[in-house]
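Residue numbers (the numbering used here): 22 to 132. Glycine is no exception: its CB is placed at the ideal position from the N, C-alpha and C atoms.
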Amino acid sequence: MNFQLLKTHLESDSLTDILCEQLKQLDIGLWQLNKDAMHSGMFDEDSLQFSILNTAFENNQVTIKTGIYISEAITPCPCAGEEVAYSELYCQRTITLDMLHQNVSIEQDRN
């Protein structure tokens, strides 16, 4: 997460695009998508997309409510070498960026 880049764009029209770019850079394991999995829990990481639903700024913290879209393998196992069918998974997370200490925390939302 490039906190300096985010700091320079907090008040700009490009913040949403920059946030989406930066969120894609985070390790996919941080999103804990298995908690929302409906099928195999195996995901196509290249399909990961974000939608920024809300942002709030307070005391060196940015709170972001985001929608996450990703393709989840239904069957067969992608490792079997067969064609894989996918289902689209949608879930929400609340991300808190501590701009002072450059920390990221992610909480699962119930939608």
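Look at Glu42 here: in three-state DSSP terms it is helix. Assigned with DSSP and collapsed to three states, Asn55 falls in helix.
Per DSSP, reduced to three states, the secondary structure at Gln25 is helical.
Using a 10 angstroms sphere on the CB of Ser68, the tally of other CB atoms stays under 16, which defines it as exposed. The three-state secondary structure of Leu121, taken from DSSP, is coil. Looking only at Gln113, Ser108, Ile116, the smallest Cα-Cα distance to His60 is reached by Ser108. Shortest Cα-Cα distance from Gly88 to any of Leu44, Gln25, Asn80 involves Leu44. In this structure Glu93 is buried. Its beta-carbon is surrounded by 16 or more other beta-carbon atoms within 10 angstroms. Between the alpha carbons of Val125 and Glu66 lies a distance of about 20 Å.
Per DSSP, Ile49 lies in no beta strand (DSSP E) and is assigned neither H nor E. For Asp65, the uninterrupted beta strand (DSSP E) run begins and ends at 64-79, by DSSP.
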